[in-house]
Every structure is written in C-alpha cells, then in structure tokens.
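Trainee: Heads up: the sequence lines are chains A and B, in that order.
Under full-length UniProt numbering, the residues of the first sequence are numbered 1 to 226, in order.
Under full-length UniProt numbering, the residues of the second sequence are numbered 1 to 226, in order.
For glycine and all other residues, C-beta sits at the position ideal for the given N, C-alpha and C.
Sharing a structure with you now.
Number of protein chains: 2
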Amino acid sequence: MVNNLELKRKKPLVLEVRDELERMILGGEVPAGERLNEQTLAALMGVSRAPVREAARSLEKDGLVTTVANKGVYVRKLTLDDALELYELRAMVFGYLCARVAATGDDQALADLRTSLSRMSEAAEREDESTYFTENLAFHDKIAEAADSRRVAELYISLCKEVRLMRLRVLSGPLALEVSNQEHEAIVRAIESGDIKAASRAGSQHHLNGKQRLLGTYSRERGAQT
Amino acid sequence: MVNNLELKRKKPLVLEVRDELERMILGGEVPAGERLNEQTLAALMGVSRAPVREAARSLEKDGLVTTVANKGVYVRKLTLDDALELYELRAMVFGYLCARVAATGDDQALADLRTSLSRMSEAAEREDESTYFTENLAFHDKIAEAADSRRVAELYISLCKEVRLMRLRVLSGPLALEVSNQEHEAIVRAIESGDIKAASRAGSQHHLNGKQRLLGTYSRERGAQT
DNA sequence: CAACGAAATAATGTTGACAATCGACATTTA
DNA sequence: TAAATGTCGATTGTCAACATTATTTCGTTG
C-alpha cells in the first residue's frame with residue numbers, strides 16, 4: 001500500500017514523514033532492530049531522500065532509532081534493562097513535573113485533569129482498553145504541559161514514546177485499568193492540595209508501579225515458558 | 001595491534017562540522033539568539049549545505065540550537081528560569097547516575113574517580129581555574145560512564161552542555177574551587193561506601209548547590225547594577 | 001503622509017545525481 | 001583447504017541546482 005501524502009501538505013514535509021515513520025515504529029509495522037532504508041521509504045512516501053533522512057534524525061532525538069555511520073538507521077531495540085532504566089528515569093522526571101504543577105496551581109489545568117480522570121474512569125468501567133490508552137496518554141501530556149517547563153516536558157514525552165518501543169501492554173485487564181486510574185486520582189489529589197512533596201511522590205510512584213507491573217509481566221512470561 | 005595511523009583521523013564530515021559548530025557556540029563565538037546561516041557556514045568550512053544542516057539538527061538534539069521552520073536555526077537563548085530548571089533536572093539525573101555507580105561498585109571506575117579528585121585538588125590549590133574546569137568535566141563524564149546506563153549518561157552530558165550556554169563562570173575564585181571539590185569528595189565517599197541513597201543525595205546536592213551559586217551570581221550582578 | 005501591496009531579495013526546503021563506503025562473494029595463493 | 005585479496009552491488013554521504021517561503025524594499029494610492 002503506497003501512502004501518498006502529497007494530497008494536502010499544510011505541515012512541513014519533514015514533519016509528515018516524521019509522524020508517519022513514528023506511527024510505523026510505535027505501531028509495530030517495522031520490527032525492532034530493522035533497518036530503515038532511505039530510498040525505499042522515500043519512494044514509498046513519494047518524496048526524496050532528504051526529508052526521510054531528516055525525519056530519521058528527528059526520531060533519533062527521541063531515541064526511537066539509532067544511527068550507524070555509513071550503514072543506516074535502525075529501529076531501536078530495547079533490552080529489559082534498558083526498559084527498566086527508562087521507567088526509573090521517567091518516574092523521576094514525572095515526579096518533578098507533578099511537583100511543579102502542584103507548585104503553580106493552575107485551576108484551568110486542574111479542571112482539565114479532572115475531566116481526563118472521569119473519561120478514563122468511564123473507559124475503565126466499560127473495559128475499553130483502547131480509549132483508556134489514548135486518554136491515559138492525554139492525561140500525562142496535560143500534566144507535562146501544565147508544569148510550564150518546556151524542556152522537561154519534551155524530555156518526558158520523549159521518554160514515554162521511547163518506552164512504547166517495548167510494545168508491551170502492561171495495561172491489560174479491567175483490574176489494571178482500575179488500579180492505574182486510582183494512581184491518577186492520587187496524583188491529582190496531591191496536586192490539588194498543593195503538597196509539592198506528595199505530588200512528586202505520587203507521580204514517581206505511578207511510573208515505578210508501572211515498572212513493577214512490567215517486571216511482573218516478564219516473570220509471568222518466563223514462568224509460562226519454563 | 002595499536003594502529004596510530006593518521007588515517008584514522010578521517011572522521012565523518014558531519015561530525016567535523018558538528019564539533020566545530022559546538023565549539024563556536026559553547027566558546028561564545030556566536031552569541032545566543034544568533035541565526036546560523038547555512039550557506040555562510042558551509043562556505044566558511046568549505047563543505048556543502050547538507051552536512052551543515054545535519055550538524056545543526058544534531059546540535060538541536062543536545063538543546064544547543066532551536067530550529068524554526070522556513071526560518072532557520074538559532075543559538076538557544078536561556079532565560080534564568082530555563083537555567084534553574086536545567087540545574088534541577090540535571091541534579092536529579094546526576095543523583096540517579098551516582099546511585100547506579102554506588103550500586104555497581106566498579107573498582108576501576110572508583111580508582112579513576114580518585115585520580116580525578118586529586119588532579120582537581122592540585123588545580124584548586126594552584127588556583128588554576130582552566131585546568132579545574134577541564135578536570136571537572138572529565139570527573140562528571142567518568143561518573144556518567146561508570147553508571148553503565150548509556151541512555152541516561154547521554155542525557156546527562158547533553159544537559160551539561162546545555163547549561164554551558166549560559167556562559168557563566170560560577171566556578172571562580174579559589175574558595176569556589178575548594179568548596180566544589182569537597183562536594184566531589186563527598187560524592188566519591190558515598191559511592192565507595194556503597195550507600196546508594198547517600199550517593200544519590202550527594203550527587204543531586206552537588207548540582208543543587210551549583211544552582212544556588214548561580215542564583216548568588218545573579219543577585220550580586222543585580223546588586224551591582226542598581 | 002501614512003498605509004497598503006506587489007515585486008525583489010535572501011534564506012530555507014527539496015530534489016536528483018554523483019562519490020565514498022561497507023559487506024558479501026568470488027578469486028587467488030600458500 | 002584456508003587465509004588473504006580483489007571485485008561487485010547496494011546503501012549512505014555529499015553536492016549543486018531548483019522550488020518554496022519569509023522578509024525587505026519600494027512604489028502606488030487613499
């Protein structure tokens with residue numbers, strides 16, 4: 001299927017290509033470790049190699065691919081250790097962001113977070129994992145934005161994408177959604193109360209719990225195999 | 001066989017350009033906010049625009065420049081708030097790295113850190129700020145490397161470069177060097193003792209103190225102006 | 001005289017062509 | 001046979017030319 005994206009290009013061409021590649025990678029269309037062939041992709045998208053090159057460099061900025069000189073760019077392959085480190089780093093950064101939101105105390109942002117919470121709660125009740133997944137991303141993005149710290153927010157969003165390279169559904173099953181959203185609730189409560197330390201802790205703990213869930217998934221898989 | 005032939009110096013062209021641009025920016029040859037003209041730089045270095053473009057994108061990855069679509073790349077200009085946030089983020093990340101080094105307990109790495117310490121101590125006594133500056137960078141790089149966490153180490157080194165955009169010499173005066181190195185000593189001691197929590201605290205505190213020194217510099221400048 | 005707008009200018013964005021490089025396979029040689 | 005070397009194909013790296021976009025200039029108009 002040739003995706004010709006020259007229908008209407010309001011956005012810069014590089015961004016179109018970038019988003020398409022990101023979608024392909026995070027969506028699992030191209031497996032981890034696979035090399036991204038410049039001219040193949042360029043032909044596939046109906047553009048020249050330069051935008052593809054630049055898009056690949058942009059993806060490298062987010063840690064989704066790694067570039068090897070004179071060989072090409074490869075979809076990053078995460079080891080379990082890599083993933084665990086990412087979870088810890090992300091937990092720290094998210095804690096920082098939550099603390100900042102608690103410190104600023106933007107009412108509008110808090111209201112938005114509340115609506116996100118209720119949407120996720122609905123999705124959890126309906127056991128609608130897909131919607132929950134989307135709303136979950138939006139919730140975290142909102143906190144990153146409300147923290148009013150562009151640099152750190154970018155880092156956090158980047159880390160979240162990076163983690164998704166593992167392509168693991170740690171959020172599966174109705175119980176997991178419920179537990180996850182209770183943690184979100186705790187985060188928002190801490191932020192509302194203006195307790196900076198508590199917000200930091202709640203934010204960190206949320207992703208650290210995710211790390212434990214990841215470990216649980218792995219040990220279960222190992223147990224099933226052996 | 002150790003092949004010290006000059007042929008090995010043939011680095012990829014884009015890296016040459018990248019390093020040169022980085023040197024110009026961190027060295028202050030091009031002021032913050034200045035636009036980097038692609039063809040001017042290309043002509044200056046005797047290459048075409050493509051490597052310059054790619055080098056600029058690489059610098060964006062480290063936060064040294066910002067790219068505006070259809071306008072160009074600009075040397076990043078840090079506000080005081082930006083810098084303070086960077087200091088906090090860097091403190092967190094460095095704390096994490098120190099904790100990891102303490103957890104792994106690599107003897108060789110510890111020995112290297114000790115030699116770094118003594119070199120800095122000598123430089124401090126001689127009030128040789130230039131040497132201290134260089135050794136200080138090396139010390140922090142060694143910790144980043146010893147933490148055996150490539151992704152986080154890259155982030156940390158990137159953050160250090162980013163901070164240097166401010167072009168502030170917070171490490172000036174013999175007293176500052178002495179104090180700074182005492183903090184280094186505390187970090188190494190915590191790592192040696194294998195106390196993870198203490199190592200994390202010592203590492204974080206080191207950069208948080210740097211943040212306070214930065215604030216002191218600014219208030220002093222303000223006081224002098226008014 | 002101010003304000004608007006269109007042409008001129010200069011920069012980035014994009015393209016296709018060419019050169020340099022790497023890995024694989026074939027060939028030679030001890 | 002096995003190691004070393006030479007050749008070939010494929011891919012990335014680099015280049016100069018062209019297209020598009022933003023800015024500046026300058027003339028026209030109310």
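In three-state terms, what does DSSP make of Arg35/A?
Mentor: Strand at Arg35/A.
Trainee: Straight-line CA distance for Ala198/B to Ala91/A?
Mentor: 19 Å
Trainee: Chain B beta carbons: is any one of them nearer than 8 Å to that of Asp19/A?
Mentor: no
Trainee: Would Ala111/A be called buried (16 or more neighbouring beta carbons within 10 Å of its own) or exposed?
Mentor: exposed
Trainee: Runs of 3 residues minimum, wholly inside the UniProt domain "HTH gntR-type" (11-78) of chain A: which ones carry the beta strand (DSSP E) assignment?
Mentor: 65-68, 72-75
Trainee: Whose C-beta lies closer than 6 Å to the C-beta of Gly63/B among residues of the same chain, with five residues either side of it excluded?
Mentor: Glu162
Trainee: Chain A partners of Ser149/B, CB-CB under 7 Å?
Mentor: Within chain A, the residues near Ser149/B are Glu85.
Trainee: Are any of the Cβ atoms in chain B nearer than 8 Å to that of Leu5/A?
Mentor: Below a pLDDT of 50, predicted positions are generally treated as unreliable, and Leu5/A, at 35, falls in that range; the measurement from the model is reported next regardless. It does not: the Cβ of Leu5/A has no partner Cβ on chain B nearer than 8 Å.
Trainee: Under three-state DSSP, which class holds Gly194/B?
Mentor: coil
Trainee: Does the beta carbon of Gly63/B sit closer than 8 Å to a beta carbon anywhere in chain A?
Mentor: yes
Trainee: Would you verify that the beta carbon of Asp106/A is, or is not, closer than 8 Å to some beta carbon of chain B?
Mentor: no
Trainee: Using a Cβ-Cβ cut-off of 8 Å, state whether Ser219/B counts as contacting chain A.
Mentor: no
Trainee: Mark Leu41/A as exposed unless 16 or more other C-beta atoms lie within 10 angstroms of its C-beta, in which case mark it buried.
Mentor: buried
Trainee: If we ignore side chains and look at the alpha-carbon of each, how far apart do Val17/B and Val73/B end up?
Mentor: 15 Å
Trainee: For Val152/A, would you say it is in contact with chain B, using Cβ-to-Cβ distances shorter than 8 Å as the test?
Mentor: yes
Trainee: Note down the Cα distance separating Leu80/A from Ile187/B, rounded to an integer number of angstroms.
Mentor: So the two alpha carbons sit approximately 29 Å from each other.
Trainee: Assess contact between the stretch 164-184 of chain B and the stretch 142-153 of chain B, defined as three or more Cβ pairs (one per stretch) separated by less than 8 Å. Is contact present?
Mentor: no
Trainee: Would Glu16/A count as contacting chain B if we go by Cβ distances under 8 Å?
Mentor: no
Trainee: Is there contact here, the stretch 105-124 of chain B with the stretch 195-209 of chain B, by at least three beta-carbon pairs under 8 Å?
Mentor: no
Trainee: Quick one: which chain A residues come within Cβ less than 7 Å of Ala69/B?
Mentor: Pro12
Trainee: Among the candidates Thr104/B, Gly173/B, Cys98/B, Ala103/B, whose CA atom is the shortest distance from the CA of Ser130/B?
Mentor: Checking every option, the nearest Cα to that of Ser130/B belongs to Gly173/B.
Trainee: Can you grab the Cα-Cα spacing for the pair Glu85/A / Leu215/A, in whole Å?
Mentor: 12 Å
Trainee: Within the 8 Å Cβ cut-off, does Met92/A reach chain B?
Mentor: Yes, its Cβ sits closer than 8 Å to a Cβ of chain B.
Trainee: By how many angstroms is the C-alpha of Lys77/B removed from the C-alpha of Leu159/B?
Mentor: Rounded to whole angstroms, Leu159/B to Lys77/B spans 14 Å at the Cα level.
Trainee: Against Arg35/B, what residues of chain A qualify as contacts under a CB-to-CB distance less than 9 Å, listed in chain order?
Mentor: None at all; the shortest Cβ gap to chain A is about 18 Å.
Trainee: With a 10 Å radius around its C-beta and 16 neighbouring C-beta atoms as the bar for buried, classify Val68/A as buried or exposed.
Mentor: exposed
Trainee: For Ala138/A, is the classification buried or exposed, using 16 other Cβ atoms within 10 angstroms of its Cβ as the cut-off for buried?
Mentor: exposed
Trainee: On the CB-based measure, 16 or more other CB atoms within 10 Å of its CB, does residue 231/A come out buried or exposed?
Mentor: Here chain A comprises residues numbered 1 to 226, so residue 231/A is not present and cannot be evaluated.
Trainee: With a 10 Å radius around its C-beta and 16 neighbouring C-beta atoms as the bar for buried, classify Asn136/B as buried or exposed.
Mentor: Answer is buried; the Cβ neighbour count reaches 16.
Trainee: Determine whether the Cβ of Leu175/A lies closer than 8 Å to any Cβ atom of chain B.
Mentor: no
Trainee: Note down, in chain order, each residue of its chain lying with its Cβ closer than 6 Å to the Cβ of Ala32/B, except the 5 sequence neighbours on either side.
Mentor: Excluding positions up to five away in sequence, the list reads Val75, Lys77.
Trainee: Cβ atoms of Leu171/B and Tyr218/B: under 8 Å apart, would you say?
Mentor: no
Trainee: What separation, rounded to the nearest whole angstrom, lies between the Cα atoms of Arg220/A and Ser180/A?
Mentor: About 19 Å.
Trainee: Where does Glu127/B sit, in a helix, a strand or coil, going by DSSP?
Mentor: coil
Trainee: Let me make sure I understand the geometry here. Which of Ile196/B, Leu175/B, Val152/B, Lys211/B has the alpha-carbon closest to that of Leu168/B?
Mentor: Lys211/B
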